[in-house]
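To keep things clear, I will list the structure first and then write my remarks on it.
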Amino acid sequence: MNMKRVRYYLLLGLLGLVPILISGCLGGSPTGPKALFTAAPDKQVIPFTANFDGTLSYDEAGKIVSYTWDFGDGTIGHGPVTAHVYKEDGVYQVKLTVIDSRGRTGESTMTVQALNPPPQAKFSYSPKSKMDDKYIVGASEWITFDASDSTDDDEIVAYDWNFGDGHTDTGKVVKHRYLWPGTYNVVLTVTDNDGGKTNYIQQVTILGGPPCNADIDENGDAMSNWAWGQKGSDR
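In my numbering, the protein residues as written are 1059 to 1293.
Here's what the structure looks like:
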């Protein structure tokens, strides 16, 4: 066999080794670990505890040896499973960073919403009398509705009333009267400066016959319109 042919076969052999050498240098897997996690709950009124689980993370060519959590509020946690308490409202970007046995890293992020507590709506009304364990009000009697007992951790900016008879009003303290007997659901909706809303419902029972009196306003002054007779015959 001449030298030219020897060199030819030697070259072919070297070329065949190239893929094997490249594969050995890369270690068979060009990617790092994958960071995956869940948060439960991921949206809640403060203060609340969010539970984080990073055990879904994996590494095809190694072993994950480190789990580091950034909770988005300046605090850090460690371990595949952890929990964190959010005390301030806001939207937080939570990041999990994993490191495998070869020193490679993987990251994943998720949004957690810590909600501001809604306002607490409450109202009282007067005058009222008690009969058969129920509070009653006479027909055509002016009633004062007072929402001063409503509370919020910051500020209530709106009080909206629905008196259940087709009439509405706004304000912390309002007056209303019912011309016809019956039981009415009074709904108070309060709104705080963060946009949070809460409803409070209370029933008002009105007793008495059809209105048969001059139309008097809440100050006791006579008005031009007056009601007499059957329902729907206001004049």
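Think of the CB as a built atom: it goes at the ideal place given N, C-alpha and C, for glycine as much as any other residue.
Item to check | Boundaries (first-last residue) of the beta strand (DSSP E) holding Phe1129 | outcome: Numbered from 1 along the sequence shown, position 71 holds the residue referred to as residue 1129. Phe1129 -> no beta strand (DSSP E), and no H or E assigned at all.
Checklist entry - Can you give the Cα-Cα distance for Thr1126 and Ile1134, rounded to whole angstroms? => result One-based indexing of the sequence shown puts residue 1126 at position 68. One-based indexing of the sequence shown puts residue 1134 at position 76. Cα to Cα, Thr1126 sits roughly 7 Å from Ile1134.
Item to check | Paired residues, beta bridge with Asp1204 - DSSP | outcome: Locating residue 1204 in the sequence shown gives position 146, counting from the first residue. Per DSSP, Ser1182 and Val1231.
Next on the checklist: Quick check: the Cα distance between Gly1112 and Val1139, rounded to an integer number of angstroms?
Outcome noted: Residue 1112 sits at position 54 when you count from the first residue of the sequence shown. Residue 1139 sits at position 81 when you count from the first residue of the sequence shown. Straight-line Cα distance between these residues: approximately 6 Å.
Checklist entry - When the distance is taken between beta carbons, is Gln1171 closer than 7 Å to Val1149? => result Residue 1149 sits at position 91 when you count from the first residue of the sequence shown. Residue 1171 sits at position 113 when you count from the first residue of the sequence shown. Remark: C-beta atoms of Val1149 and Gln1171 approach each other more closely than 7 Å.
Checklist entry - How big is the Cα-Cα spacing for Leu1246 and Ile1259? => result Translated into the one-based positions of the sequence shown, residue 1246 becomes position 188. Translated into the one-based positions of the sequence shown, residue 1259 becomes position 201. Between Leu1246 and Ile1259, the C-alpha separation is close to 6 Å.
Checklist entry - Whose C-beta lies closer than 7 Å to the C-beta of Pro1105 among residues of the same chain, with five residues either side of it excluded? => result Within the sequence shown, the letter at position 47 stands for residue 1105. Counting only Cβ-Cβ distances below 7 Å, and skipping sequence neighbours, we find Val1143, Tyr1144 and Lys1145.
Checklist entry - Nearest CA to the CA of Asp1131: which residue from Ala1119, Asp1147 and Ser1124? => result Residue mapping note: residue 1131 aligns to position 73 of the sequence shown, counting from 1. Nearest C-alpha to Asp1131 among Ala1119, Asp1147 and Ser1124: Asp1147.
Next on the checklist: Please identify the residue among Ser1115, Ala1097, Pro1175 and Thr1089 whose C-alpha is closest to the C-alpha of Thr1249.
Outcome noted: Position 191 of the sequence shown, counted from the first residue, corresponds to residue 1249. It is Pro1175.
Checklist entry - What do you reckon, are the CB atoms on Ser1166 and Ala1216 nearer than 7 Å? => result Taking the first residue of the sequence shown as 1, we reach residue 1166 at position 108. Taking the first residue of the sequence shown as 1, we reach residue 1216 at position 158. Result no, Cβ atoms of Ser1166 and Ala1216 do not sit closer than 7 Å.
Item to check | Proximity winner among Pro1239, Thr1089 and Gly1266, relative to Arg1162 (alpha-carbon distances) | outcome: In the sequence shown, the residue the question calls residue 1162 occupies position 104. Selected option, being the one with the closest Cα: Thr1089.
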